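Inspection log for the structure reproduced underneath, given as structure tokens.
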Amino acid sequence: MKLHPARARRRGTFLAILPRTGGAIIATPFRLEVTMLGRRSHIRISLESDAEGVLSIARDISVRTTGDGHLVAISRDAAAIGERVRVLLADDEVTLVAEVIESKPVICDGAVRHRLVMRCSGRDVVSSNRAGGRQE
Amino acid sequence: MKRPRALPEDPRVSDQLGVMTRERHVRLLNCSVSGCLLETNCRLPVGAIASIRVTIDGRELTDDVQITRCQPIAGAGDTYHVGAQFLWTQPLVRQSLRSALRAARGELAATIDL
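From first to last, the protein sequence lines are chains Y and S.
Mapping of the first sequence onto this note's numbering: residues 418 to 553, in sequence order.
Mapping of the second sequence onto this note's numbering: residues 760 to 873, in sequence order.
Structural data, given as structure tokens:
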């Protein structure tokens, strides 16, 4: 399909409108462009040297502590056995470092959730910087 | 039919709200003022809120982002390209990735003008 140069420069997604007229579906000769947020037109800066980093993904969970130093949490996401995570207990305002030792799906109020059992292996100093934290 | 009685809950143990943070190693491929493109070896949930911390030229830069897309790279095994959009949850400070990017853009514009 050959596009007009002016149209070829346009960015975004085109949608064809297919109205129903008298039982037949006819494609109209015009198309609408879905307006984008404009972020794709922003100048991108590529990095010459690899910039390694860490992405910390936070999820709200329901958690309870057991007497033997384990945490039992209900989460929307499953976790891999042996994965190390940080758990912030909102009531106690303390951050724990834990290792997942069990993950299995359960039904909670008709929705599939994951029951995670974690073993506490340390405690973080509570810090205002959520990305950081020293392990004791 | 009699419903089975639920086990009595231990009053000493109760659920509380918590936040579980999982860390993923990523590689920053490119950046714009609105977001960045990352490469990682696991699938990330679209819509998730995350905090990114990268080291560029010895400077540690952080920012909060939202995952907007996660696309597997065909033929590259467990490699995913992840699009992340900056969240303006914190003001621009020297340690933020956005401010470093603005400075880099300024240098780039000056180079083009010369």
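Beta carbons: idealized from backbone N, C-alpha and C, even for Gly.
Everything numeric in this text was worked out from a predicted model, so none of it was measured.
* **Residues within the region 520-538 of chain Y neighbouring chain S, beta-carbon criterion of under 9 Å** => In summary, the residues of the region 520-538 of chain Y whose CB is separated from some CB of chain S by less than 9 Å are Leu533 and Met535, in the order they occur in the chain.
* Asked: Under the three-state reduction of DSSP, which class applies to alanine 859 of chain S: helix, strand or coil?
  -> DSSP places alanine 859 of chain S in helix when its eight states are reduced to three.
* **Three or more C-beta pairs below 8 Å linking the region 799-807 of chain S and the region 834-853 of chain S** => The region 799-807 of chain S, when compared against the region 834-853 of chain S, does touch it at the 8 Å Cβ threshold.
* Note down the Cα distance separating serine 463 of chain Y from cysteine 795 of chain S, rounded to an integer number of angstroms. => Put simply, the backbone Cα of serine 463 of chain Y is about 10 Å away from that of cysteine 795 of chain S.
* Can you have a look at serine 810 of chain S and say buried or exposed, based on whether 16 or more other CB atoms are within 10 angstroms of its CB? => The residue in question, serine 810 of chain S, is buried, as its Cβ has 16 or more Cβ neighbours within 10 Å.
* Using the C-alpha atoms, what's the distance from glutamate 469 of chain Y back to aspartate 816 of chain S? -> Straight-line Cα distance between these residues: approximately 11 Å.
* Asked: What's the call for leucine 851 of chain S, buried or exposed, on a 16-neighbour Cβ count within 10 Å?
  -> That one is exposed.
* Just how far apart, CA to CA, sit valine 481 of chain Y and alanine 496 of chain Y? -> Note that residue 481 of chain Y corresponds to arginine in the displayed sequence, not to valine. The straight-line gap from Cα to Cα measures roughly 17 Å.
* Residue closest to leucine 776 of chain S, alpha-carbon to alpha-carbon, out of Y:Val529, Y:Arg461 and Y:Val504 -> Residue Y:Val504 holds the alpha-carbon nearest to the alpha-carbon of leucine 776 of chain S among Y:Val529, Y:Arg461 and Y:Val504.
* Do the CB positions of glutamate 798 of chain S and valine 471 of chain Y come within less than 8 Å of each other? -> Contact: no.
* Rounded C-beta distance between threonine 780 of chain S and isoleucine 474 of chain Y? I'm assuming under 8 Å. -> Approximately 7 Å separates the beta-carbon atoms of threonine 780 of chain S and isoleucine 474 of chain Y; this is inside 8 Å, confirming the contact.
* Would you tell me roughly how many angstroms separate the C-alpha atoms of arginine 861 of chain S and glutamate 500 of chain Y, rounded to the nearest one? => Roughly 36 Å between the two C-alpha positions.
* Would you say aspartate 485 of chain Y faces chain S, with C-beta separation under 8 Å as the test? -> Chain S places no beta carbon closer than 8 Å to that of aspartate 485 of chain Y, leaving this residue out of the contacts.
* For aspartate 823 of chain S, name the three-state secondary structure that DSSP assigns. => Reduced to three states, the DSSP call for aspartate 823 of chain S is strand.
* Within 10 angstroms of its Cβ, does isoleucine 826 of chain S collect 16 or more other Cβ (buried), or is it exposed? -> Isoleucine 826 of chain S is buried by the Cβ-count criterion.
* Asked: DSSP three-state call for glycine 794 of chain S: helix, strand or coil?
  -> DSSP places glycine 794 of chain S within a strand segment (E or B) once states are collapsed to three.
* CB-CB under 8 Å to histidine 531 of chain Y, same chain, minus the five flanking residues each way: which ones, in chain order? -> Excluding its 5 nearest sequence neighbours in each direction, histidine 531 of chain Y has C-beta neighbours in its own chain below 8 Å: Ile491, Ser492, Arg493, Asp494, Ala495, Ala496, Ser520, Lys521, Pro522 and Val523, listed in chain order.
* Asked: At a Cβ threshold of 8 Å, is alanine 490 of chain Y touching chain S?
  -> Yes, because at least one Cβ of chain S sits closer than 8 Å to the Cβ of alanine 490 of chain Y.
* May I ask you to report which of helix, strand or coil DSSP gives proline 831 of chain S? => Annotated three-state conformation of proline 831 of chain S is strand, per DSSP.
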